[in-house]
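Here the structure comes first, spelled out in structure tokens, and everything after it is commentary.
2 protein chains.
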Amino acid sequence: MQKFQVTFLPDNLTVSVDKDKTILSAAISAGIYINSTCGGDGICGKCRVVVNKGEVTSQPNGIITALDKKANIYLACLTSIQSDLEVIIPESSRLNFDKLTPGELEERLSGLYSKAEDIWTQDEKIGEKVFKHSPFVTKIYLDLPKPTLEDNLSDLERLYRALRRFEAFPVIQTGLFNIRQLGQLLRDYEWKVTVTLGKRNNTVEIVLIEPKDTTGNNFGLSFDIGTTTISGQLINLNSNKILGTKAAYNQQAAFGGDVITRIVHAAKPDGLKHLHNAVSDTMNQIIRELVLEHNVDLNDVNCMVCSGNTTMIHLLLNMDPAHIRREPYVATANFLPVLRAAEADININSRGLLYCVPGVSSYVGGDTTSGVLSSGIYQKDQPCILIDIGTNGEIVLGNKEFLVACAASAGPAFEGSGVTSGMRASSGAIQKISINKGDFNVKYSTIGDKKPCGICGSGYIDLLSEMLDAGIIDKSGKIKAECSRIRQSDSGLEFVICFGNKTESGRDIVINEADIENLKRSKGAIYSAASILVKHLGLDFTCIHKFYIAGGFGTYLDIDKAIKIGLLPDMERSKFVFIGNSSLAGSRQVLLSAQAMSLADKLASKITYFELSVDPAYMEEYSQALFFPHTDLAKFPTVKFNG
Amino acid sequence: MQKFQVTFLPDNLTVSVDKDKTILSAAISAGIYINSTCGGDGICGKCRVVVNKGEVTSQPNGIITALDKKANIYLACLTSIQSDLEVIIPESSRLNFDKLTPGELEERLSGLYSKAEDIWTQDEKIGEKVFKHSPFVTKIYLDLPKPTLEDNLSDLERLYRALRRFEAFPVIQTGLFNIRQLGQLLRDYEWKVTVTLGKRNNTVEIVLIEPKDTTGNNFGLSFDIGTTTISGQLINLNSNKILGTKAAYNQQAAFGGDVITRIVHAAKPDGLKHLHNAVSDTMNQIIRELVLEHNVDLNDVNCMVCSGNTTMIHLLLNMDPAHIRREPYVATANFLPVLRAAEADININSRGLLYCVPGVSSYVGGDTTSGVLSSGIYQKDQPCILIDIGTNGEIVLGNKEFLVACAASAGPAFEGSGVTSGMRASSGAIQKISINKGDFNVKYSTIGDKKPCGICGSGYIDLLSEMLDAGIIDKSGKIKAECSRIRQSDSGLEFVICFGNKTESGRDIVINEADIENLKRSKGAIYSAASILVKHLGLDFTCIHKFYIAGGFGTYLDIDKAIKIGLLPDMERSKFVFIGNSSLAGSRQVLLSAQAMSLADKLASKITYFELSVDPAYMEEYSQALFFPHTDLAKFPTVKFNG
């Protein structure tokens, strides 16, 4: 097979690849992650690259314009290599980390996390529901009595005896690694050592034995592994203090935007390996930045807890997810043992532990269990709803008596993916929009007050609501008005929110009819799933005590507008509670308390999975929800229209 | 540094070594184990080799005769390499496997093992003391119900549910290795799999998941790892049947005859590695021969249980034994977790489990715990004694109320090591001897009725007793008589048992005054230790209900003669019980029953270690025992002398 050299700029990375391979696959080989929401099908148009030198052949598509062609712009996924190449990957086509400074990110996220924190402090600490501080991994400093002829216990039993004076551990396990070095270590450091203990499947494991007193250095990580976004926090396990939070796009997005395209990709040669590497790379990058910023030695990070949907956890652990998408939709495992992080190629202390919060089913994962845990709905007297608006929209209905969950394939639109100008709620994202009803002039504000880069989830909710109010779109989402901001595009009519002369990239920020359709389906899927679930239990929305909203919206979601577009049911506004990233919050609670770890286990067993697709009423409900706000306006009595 | 090539014959193995290295160290590099009881100090004279070609320099010593020099015979440990060499290693200098046919070995050992078996069947199965058949590793065949939309448990939980229908395991652990392959395996084999479950530190581990029904193939190994001899048995874990038994010299003998010289060697560069490799090589060789002979696939050997003294277990697990010989004599660990055999470089199933029976102290190891278990003295009403006459002579005194143990450095003489013509109780060993009181003519019988190769432990007891009776030696062990069989040697006078024209090697089989001194110290150490232990508890030998004798003597030990030389106390003959290799028997019981495993743990904690060296009366008692039978003849009222 003929081989060619492909050099990627500005990285200046060269890889040798077979003739006829796509530029996208060459980039993956080079370790460069290109945005590819559709998984390489030539549909999403995210993987635009510039071929600077060399010959390529490209499949025809409706995305690359004549102007693009003049500028040598190609879709990486549809363009095959015919000679040595030099390819420029523009910033806008990359799956990169936020360029937010740590301060900006903290500020941006502080709202969210203090909300999650509130639940911890308000609800969890009432009466007997306080979670005792008993982190996943603990350090104990021991100044052991030296052995004598009278007290000649072996080194290991001497260590165990001292540990059991701290706590009556029934079973302590230790690997040969630690035992082999024990004799010399104890004597070299005059019997003063620090033992790192980890909770491991109902036993206690000696993870590490270090010289002297290192109890001050004990850190852990909590993670939410989303299909689109991965968030991680570095936590001081002694003080429970969150040292820092980072979020990044899941680099798996290079292989498709939702779990189904990922599962399909996993079945290709090396597909599982690519997906596994992408998620572990993303997490390792987050971890590296966190420890560097907070001056923590990676060797002092001894454990981590991850929550994610079932497919994400399979990919993290290099487990084949194939059967998740085949009837009867069975995962390899929902409850996983405590592992070493190294087994998932995560770089913390080489013996550090990894726990994945157990999931409920193939489509209701550990992220939902974490959400139920951190939202506290499992202890409410009245029925409550928890919605996590991610790529998979999971919905839980329940209280202290029962918990039922379902999953709506919402798609990543509200995470800013799969829509033309979408982006995550990070620096430069348009998050608030108002449209003048007369001249359709647009006012907006961006996160961090930066030049606009795109539109995040809360921005889209504002936008749709304002376009409805201004009469730019009708209830079906079709663009009806005419003005200078409205023009034809390959994806139907489009409305320009911000012209290129004001944007970061120089390209117009727009919403087109395909985007609107996409967003409508997302909101329809979520609303109808919640509606069916409530009916299934013989209830209606008026019975709901609280409606918890989790997810990556940001803090600026306007409830009235979300109801106006029919994303949320028309309920008393005071019942809605934003809880931010409840999956990440749950991970953190499990990390910090054995009680929470054990409770998460019980909750995952307790939650009943409700399969929407088997309910004949679901498709009807969904079709009715494919309007703004709904076909049946009686369901939205407080919503008023100008149109 | 100048390098030379040394070729060993008849192996035809060549190694490159530095100038001035010894031939012994070159042989070790080549993986050839040469007998070296003294650990390379030039004392034992076991490492005789023939230098066929090349130049060497050799330190002067009293072992190599002028005749030897003419035949180019050197001691490998004292001879340094000065050019490329060709070296012949005679069979007699090697630490090799028995050349017994399987049948001969079985016959030879059957007496011993059926004795141990008797204890199992007679004592252990009385009333509630029956050990339930619950081997270390079990196989369970599962024909799982296929998942449906209604029964959509994940693969792993489906497996757990099915397993828990067999037994209510509280904690089941599974490694990622097994989980990763589970999804495909279940579907490829239509949900019919065999799960191998191992007991692991109070939890149950899924060791393996195999396609189809393989429950018929479940094998385990029990081992006694002695300083001088290693014995292993292959056992069908379904039927409890012992398929075969093998014994071999511990190849560590190349590095010294007792635990102290081994510990000293471990501190040298690569010393620990050499000792570890020697023991694991010996065990792997035993295992390989066992599985080949019995047509068992090594992958179906899923677990093993080892009993050994504390130093042997440290070396097996590559743990530094240095502190065992330094006051206050502390081991790294007496209680070890269940490990994978692969961690000790033992070749069974790559995920197979290894358990070491826990020890009591640095000088009373798991072999003693196993002996207490298999002898059943822990459940007797009356005080009993258990003596294991190995290189380390461990003695336990106790009953169901108390158990006290001590260790006497008996040395390997009764294992046929460290004495001129000594050998293990295997084919060709002289085991019975009678001497005509008139002409000192010798009659003997050998194991397997082969040409005599040397003298085993029971042979030496006969020999000493007969020499005393015939007046060849006096009570101090000095040779007093004169005849054609008695002559001067480098080690004092020597008595020829069998001239070279009748022996396998062509060399005379002899006993000299140094050998007699060696044997006298061994028997004195054992007797005096037992005596001190009995006194320490305020008892005397008349209070002892049973006197269990374990060790490698063979079945032909003559009690009267053992009492006559003062090895055993002068008690009612009916109180003595031979129990063969009680350490191996204990390993087997632990392998076959969880109750025995748990009991071994309790026994190791219960046994009190008594340090002989801190009792001021011990040295006096020992000195008095350095006579045949004893300085104080009143202690041996039934012993009659002709002299």
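First to last, the sequence lines map onto chains E and Y.
In this text, residue positions in the first sequence follow this note's numbering: the first is 167, and each later residue adds one.
In this text, residue positions in the second sequence follow this note's numbering: the first is 167, and each later residue adds one.
Yeah, the Cβ is synthetic: ideal placement off N, Cα and C, and Gly gets one too.
Remember, predicted model here, so these are calculated numbers, not experimental data.
Rounded Cβ spacing between residue i and residue j (contact assumed at less than 8 Å)
i, j, result
"E221/Y", "T173/Y", "Actually they do not touch by this definition, with Cβ atoms about 14 Å apart."
"N468/E", "N515/E", "5 Å"
"R754/Y", "Q399/Y", "6 Å"
"T369/E", "T535/Y", "That belief does not hold up - the Cβ atoms of T369/E and T535/Y are roughly 23 Å apart, past 8 Å."
"A716/Y", "D554/Y", "4 Å"
"G386/Y", "I401/Y", "5 Å"
"S388/E", "L757/E", "5 Å"
"L563/Y", "L703/Y", "6 Å"
"I627/Y", "L723/Y", "6 Å"
Beta-carbon proximity check, residue i vs residue j, cutoff 8 Å
i, j, result
"I731/Y", "L634/Y", "yes"
"A783/E", "I710/E", "no"
"N367/E", "V504/E", "yes"
"I601/Y", "I675/Y", "no"
"M763/Y", "K407/Y", "no"
"D511/Y", "S446/Y", "yes"
"G582/Y", "G620/Y", "yes"
"I200/E", "C210/E", "no"
"E323/E", "N500/Y", "yes"
"N475/Y", "G531/Y", "yes"
"E777/E", "L315/Y", "yes"
"I543/E", "C550/E", "yes"
"A242/E", "T188/E", "yes"
"F335/Y", "S202/Y", "no"
"R653/E", "F606/E", "no"
"T477/E", "I396/E", "no"
Listed by chain order, chain E residues near residue i by CB distance under 9 Å
i, result
"F494/Y", "Rather than Phe, the amino acid found at residue 494/Y in this sequence is Pro. Residues of chain E passing the Cβ test: K312, P313, T314, L315, E316, D317, N318."
"F501/Y", "S320, L322, E323, Y326"
"T369/Y", "V337, Q339, N367, N368, T369"
"A800/Y", "Correct list: empty, because the minimum Cβ distance to chain E is about 34 Å."
Range of the contiguous beta strand (DSSP E) that encloses residue i
i, result
"A413/E", "408-415"
"I601/Y", "595-601"
"Y784/E", "Premise fails: Y784/E lies in the alpha helix (DSSP H), 783-790, not in any beta strand (DSSP E)."
"Q755/Y", "Careful: Q755/Y lies outside any beta strand (DSSP E), inside the alpha helix (DSSP H) at 748-758."
"Q654/E", "652-655"
Limits of the unbroken alpha helix (DSSP H) element including residue i
i, result
"F389/Y", "No alpha helix (DSSP H) contains F389/Y, which is instead part of the beta strand (DSSP E) from 385-391."
"D635/Y", "623-635"
"V445/E", "437-459"
"A192/E", "189-195"
"M589/Y", "Here M589/Y belongs to no alpha helix (DSSP H), and DSSP marks it neither H nor E."
"M478/E", "476-482"
For residue i, the residue or residues it bridges with in DSSP
i, result
"V526/Y", "Beta-bridge pairing links V526/Y to no other residue."
"R366/Y", "T369/Y"
"S259/E", "Partner(s): none; S259/E has no beta bridge."
"N678/E", "E660/E"
"P377/Y", "V359/Y"
"L552/Y", "V562/Y, Y714/Y"
"S246/E", "T188/E, T223/E"
7 Å Cβ cut-off: residues of chain Y touching residue i
i, result
"M485/E", "I345, R346"
"L342/E", "L483, L505, E509"
"S527/E", "N318"
Contacts that residue i makes with chain E (C-beta to C-beta distance below 7 Å)
i, result
"V780/Y", "L315"
Residue i at chain A interface by Cβ criterion, 8 Å
i, result
"T498/Y", "Protein chains in the displayed structure are E and Y, and chain A is not among them."
Per-residue contacts from residue i into chain Y (C-beta, under 8 Å)
i, result
"H489/E", "D321, G349, R353"
Listed by chain order, chain E residues near residue i by CB distance under 8 Å
i, result
"E777/Y", "L315"
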